[in-house]
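Heads up: the structure comes next, in structure tokens.
There are 2 protein chains.
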Amino acid sequence: MDERAVLVEFGCRVRELRETRGLSQERLAELAHLHRTYIGSVERGERNISLVNIHRIARALDVASSELLMKSDGSKN
Amino acid sequence: MDERAVLVEFGCRVRELRETRGLSQERLAELAHLHRTYIGSVERGERNISLVNIHRIARALDVASSELLMKSDGSKN
DNA sequence: ATGTGACTTGGAGTCCGTT
DNA sequence: AAACGGACTCCAAGTCACA
Numbered sequence: 682m683d684e685r686a687v688l689v690e691f692g693c694r695v696r697e698l699r700e701t702r703g704l705s706q707e708r709l710a711e712l713a714h715l716h717r718t719y720i721g722s723v724e725r726g727e728r729n730i731s732l733v734n735i736h737r738i739a740r741a742l743d744v745a746s747s748e749l750l751m752k753s754d755g756s757k758n
Numbered sequence: 682m683d684e685r686a687v688l689v690e691f692g693c694r695v696r697e698l699r700e701t702r703g704l705s706q707e708r709l710a711e712l713a714h715l716h717r718t719y720i721g722s723v724e725r726g727e728r729n730i731s732l733v734n735i736h737r738i739a740r741a742l743d744v745a746s747s748e749l750l751m752k753s754d755g756s757k758n
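Protein sequence lines correspond, in order, to chains A and B.
For my numbering, add 681 to where a residue sits in the first sequence, where the first one is 1.
For my numbering, add 681 to where a residue sits in the second sequence, where the first one is 1.
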């Protein structure tokens, strides 16, 4: 299933941005008003996250939500 | 609820891109492997769409999924 | 060709833990 | 601090009939 790769890609991007900000999953969860264990599973690409939660995490990381869907290097898709 | 505005914004963006391509909701649904009425409700901002479906629609419209989260004018968020 | 209300069900999302 | 599991609630997914 190629679909799962999208989720893994997204999760990696979140983790990357979170770590560069020196935040724990717990702290990010608070900021995004989401659960601690949920953030973890999202970063591992186990969850098919919905749009409002994408937006919440983006807000917590202080980036545009569109930026969470870009790969690290900014290449296509 | 400010959260719903995100969904409306997203739906408008999809509709915009679909219409500039001269596609019907029905045709877009086929291309994205989704249901006709589902596409409709997404465009109206009634659905909190998840990441894999965002990706499917993006593929069908031949754009990067990150582009579906940008406003028409390309401004912040 | 699209809007809409209603419906079932699988999974999103939470909460309790242990490792 | 993070991964992971079980049990739970509730909402997104997906479909339909009809306007």
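Note that CB positions come from ideal geometry on N, CA and C, so glycine has one too.
Anything in chain A within Cβ reach of residue 730(B), meaning under 8 angstroms, just list it in chain order.
By 1-based counting over the second sequence, the position of residue 730(B) is 49. Per Cβ cutoff of 8 angstroms: 731, 732.
Between the region 738-745 of chain A and the region 695-708 of chain B, do at least 3 Cβ pairs fall closer than 8 angstroms?
no
For residue 738(A) and chain B, any beta-carbon pair shorter than 7 angstroms?
Numbered from its first residue, the first sequence carries residue 738(A) at position 57. It does not; no Cβ of chain B falls within 7 angstroms.
Length of the line joining the Cα atoms of residue 710(B) and residue 697(A)
Working through the second sequence from its first residue, we reach residue 710(B) at position 29. Working through the first sequence from its first residue, we reach residue 697(A) at position 16. Approximately 34 angstroms between the Cα atoms of the pair.
Are the C-beta of residue 746(B) and some C-beta of chain A separated by less than 7 angstroms?
Position 65 of the second sequence, counted from the first residue, corresponds to residue 746(B). Judged by the 7 angstroms Cβ criterion, residue 746(B) is in contact with chain A.
Amino acids of chain B, ordered along the chain, whose beta-carbon sits closer than 7 angstroms to that of residue 712(A):
Residue numbering aside, residue 712(A) sits at position 31 when the first sequence is read from its first letter. Within chain B, not a single residue places a beta-carbon under 7 angstroms from that of residue 712(A); the smallest gap is close to 16 angstroms.
CB contact check: residue 723(A) to chain B, cutoff 7 angstroms
Along the first sequence, one-based indexing puts residue 723(A) at 42. Not one chain B Cβ lies under 7 angstroms of residue 723(A).
Taking only beta-carbon positions, decide if residue 727(A) is within less than 7 angstroms of chain B.
Here residue 727(A) refers to the residue found at position 46 of the first sequence. No, residue 727(A) lies away from the interface with chain B (no Cβ there is under 7 angstroms from its Cβ).
Which residue from 728(A), 735(A), 750(A) puts its Cα closest to that of residue 729(B)?
Taking the second sequence and counting its residues from 1, the one referred to as residue 729(B) is at position 48. Taking only the C-alpha atoms, the option nearest residue 729(B) is 735(A).
Would you check if the region 712-720 of chain A and the region 720-727 of chain B touch, i.e. whether three or more CB-CB distances between them fall below 8 angstroms?
no
Beta carbon of residue 699(B), beta carbon of residue 749(B): below 7 angstroms?
Looking up residue 699(B) in the second sequence gives position 18. Looking up residue 749(B) in the second sequence gives position 68. At a Cβ-Cβ threshold of 7 angstroms, residue 699(B) and residue 749(B) do not count as neighbours.
Beta-carbon separation (whole angstroms), residue 691(B) vs residue 732(A), contact threshold 8 angstroms:
Numbered from its first residue, the second sequence carries residue 691(B) at position 10. Numbered from its first residue, the first sequence carries residue 732(A) at position 51. The pair is a contact, with the Cβ atoms about 6 angstroms apart (cut-off 8 angstroms).
Please report whether the beta-carbon of residue 684(A) lies at a distance below 7 angstroms from any beta-carbon of chain B.
Along the first sequence, read from residue 1 onward, the residue named residue 684(A) stands at position 3. Cβ-Cβ to chain B under 7 angstroms: yes for residue 684(A).
Environment of residue 685(B) [buried if 16+ CB atoms lie within 10 Å]:
Numbered from its first residue, the second sequence carries residue 685(B) at position 4. Exposed: under 16 other Cβ atoms inside 10 Å.
Check whether chain A comes within 7 angstroms of residue 750(B), counting only Cβ atoms and requiring the distance to be less than that.
What you label residue 750(B) is simply residue 69 of the second sequence in a count that begins at 1. At least one chain A Cβ lies under 7 angstroms of residue 750(B).
Could you pull out every residue in the same chain whose Cβ sits closer than 7 angstroms to the Cβ of residue 712(A), ignoring the five residues on either side in sequence?
By 1-based counting over the first sequence, the position of residue 712(A) is 31. Counting only Cβ-Cβ distances below 7 angstroms, and skipping sequence neighbours, we find 741.
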